[in-house]
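Novice: With UniProt numbering, letter number 123 in the sequence shown gets 123, and the count goes up by one each step, no holes.
Take a look at this one; I'll ask things after.
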Amino acid sequence: MSQRRQRLYRRLDRAERAAIERGLDKGRSARAMARDLGRSQSSVADEVRRNRTVSRGPGKGSRVGSVPEGACARLRGWPHVCNGCNKRRYHCSMPFRCEYSAARAQLLADGELSAARRGVDRSEAEFEAIAAKIRGDLARGLSPAQISHARSPEFRAAPSTIYRWIERGYAGMSNMDLRRKVGYRPRRRAASSPTPHGPGRSFAAFSALPEGEREAACEMDTVIGRASDRQCVLTIYLRCCRAQLCLLLPERWGGGGGGGGGGGGGGGGGGGGGGGGGGGGGGGGGGGGGGGG
């Protein structure tokens with residue numbers, strides 16, 4: 001008898017709700033679906049009426065509280081939903097419609113179970129006494145795991161339970177009370193590396209120049225490939241005409257100084273280009289001098 005009663009009062013699962021949805025779409029009766037599922041007729045009817053959702057009208061997607069006046073007669077009696085209606089897809093002018101979806105019904109049922117277990121499973125006075133001890137231990141720098149182990153003779157609370165109480169702000173507790181969550185440790189900062197040019201030849205100084213001087217300047221830079229490459233490319237950008245020249249230098253080092261000097265003379269202008277030229281080696285150094293002029 002006890003096993004039979006346990007079977008009768010077992011909660012509906014996802015597969016049974018999917019079978020109810022298919023039965024509603026086919027226009028089956030609650031009695032026929034209950035017989036196939038081994039449930040009572042009232043269980044099937046209550047499930048449909050309790051977990052139906054609004055498909056058209058105010059509160060779309062939410063659970064149906066009450067059927068408004070002037071709604072379809074199908075919603076006031078079985079099947080209580082628009083499933084199985086030949087006008088469900090088209091030609092229905094009713095302003096309010098509702099349907100039964102197994103997926104949404106499962107979410108609603110799971111939400112009810114979760115809400116029923118929400119809160120602290122203790123009396124208010126008992127929990128206040130426990131929370132006072134936890135707050136004192138947190139002030140001493142103890143972690144929830146240490147509190148749970150040290151206070152086990154006085155009360156039973158897992159570390160995850162204490163973390164949950166703190167996260168939800170019960171009894172004035174917060175994550176700021178946890179030492180590991182509010183640790184202060186300044187990070188290491190990389191030291192600024194000195195540049196070969198002074199602050200007057202930086203890009204910031206170039207950006208501070210008047211717009212007319214910046215437009216008349218010539219920007220120079222070098223493009224270097226792999227570390228083993230001997231050649232490099234000297235780029236000269238003429239801001240006044242938005243043109244860029246690329247000169248191939250045979251040597252990245254001092255041997256290509258002549259070619260680099262010619263490139264520098266062609267660009268007579270900006271401090272921004274001088275910085276790039278300085279990074280390119282001997283040829284770039286010559287270009288940097290021209291840019292400074």
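Beta carbons are placed, not taken as given, at the ideal position from N, Cα and C, and that holds for glycine.
For K181, which of R151, S193 and P144 has the nearest alpha-carbon?
Specialist: It is P144.
Novice: I'd like to know if the segment 125-134 and the segment 74-89 are in contact, where contact means that at least 3 CB-CB pairs between them fall below 8 Å.
Specialist: No, because fewer than three Cβ pairs between the segment 125-134 and the segment 74-89 fall closer than 8 Å, the two stretches do not touch.
Novice: Quick one: give me the first and last residue of the alpha helix (DSSP H) that Y237 is part of.
Specialist: Run containing Y237: none in the alpha helix (DSSP H); it sits in the beta strand (DSSP E), C232 to L238.
Novice: Tell me which residues share the same chain as A139 and place their Cβ nearer than 8 Å to its Cβ, disregarding the 5 neighbours each side in the sequence.
Specialist: Excluding positions up to five away in sequence, the list reads D177.
Novice: Helix, strand or coil: how does DSSP classify R63 here?
Specialist: Strand at R63.
Novice: How big is the Cα-Cα spacing for K26 and C82?
Specialist: For K26 and C82, the distance between alpha carbons rounds to 11 Å.
Novice: Suppose you measure from the CA of G198 to the CA of G169; what does that come to, to the nearest Å?
Specialist: So the alpha carbons of these two residues sit roughly 56 Å apart.
Novice: Taking only three categories from DSSP, how would you classify E99?
Specialist: If DSSP states are grouped into helix, strand and coil, E99 belongs with the strands.
Novice: With 16 other CB atoms within 10 Å as the buried threshold, where does R252 fall?
Specialist: It is buried - the Cβ of R252 has at least 16 other Cβ atoms within 10 Å.
Novice: Between L138 and chain D, is any beta-carbon pair separated by less than 9 Å?
Specialist: Given the protein chain composition of this structure (a single chain), no chain D is represented.
Novice: Return helix, strand or coil for A243, following the three-state DSSP convention.
Specialist: Three-state DSSP puts A243 in a strand.
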